[in-house]
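Read the structure below first, then the notes.
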Amino acid sequence: MKIVTYDTYKQFNRLFYKIYFMLKTRLLWFFHQCSISRLSFNCNYMNISKIYKTFQIE
Numbered sequence: 869m870k871i872v873t874y875d876t877y878k879q880f881n882r883l884f885y886k887i888y889f890m891l892k893t894r895l896l897w898f899f900h901q902c903s904i905s906r907l908s909f910n911c912n913y914m915n916i917s918k919i920y921k922t923f924q925i926e
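No gaps in the numbering here: position 36 of the sequence shown is 904 in our numbering, and each next residue is one more.
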């Protein structure tokens, strides 16, 4: 078993928060797009495909 040092733990934390923050902002944007139509199926479907495309670019 590898001993995890505090430095690697910090690095992992930073990475995790970066990913988490990115996902959170995407999700907030996604819900904002849908809030007008009260999360109807059409709106969800359209935005999921949009988000999928933006993730593919990166």
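Glycine included, every Cβ here is placed at the ideal spot set by N, Cα and C.
field: Simplified DSSP assignment, three categories, for T873
entry: Of the three classes helix, strand and coil, the one that applies to T873 here is coil, per DSSP.
message: Rounding to the nearest angstrom, what Cα-Cα distance links Y874 and F880 in this structure?
response: For the pair Y874 and F880, the Cα-to-Cα distance works out to about 10 Å.
query: In whole angstroms, what is the alpha-carbon distance linking F884 and R894?
result: Approximately 15 Å, taken between the alpha carbons.
- request: Compute the Euclidean distance between the alpha carbons of F896 and R882, then round it to the nearest angstrom.
  value: It should be pointed out that residue 896 corresponds to Leu in this sequence rather than to Phe. Rounded to the nearest angstrom, the two C-alpha atoms are 21 Å apart.
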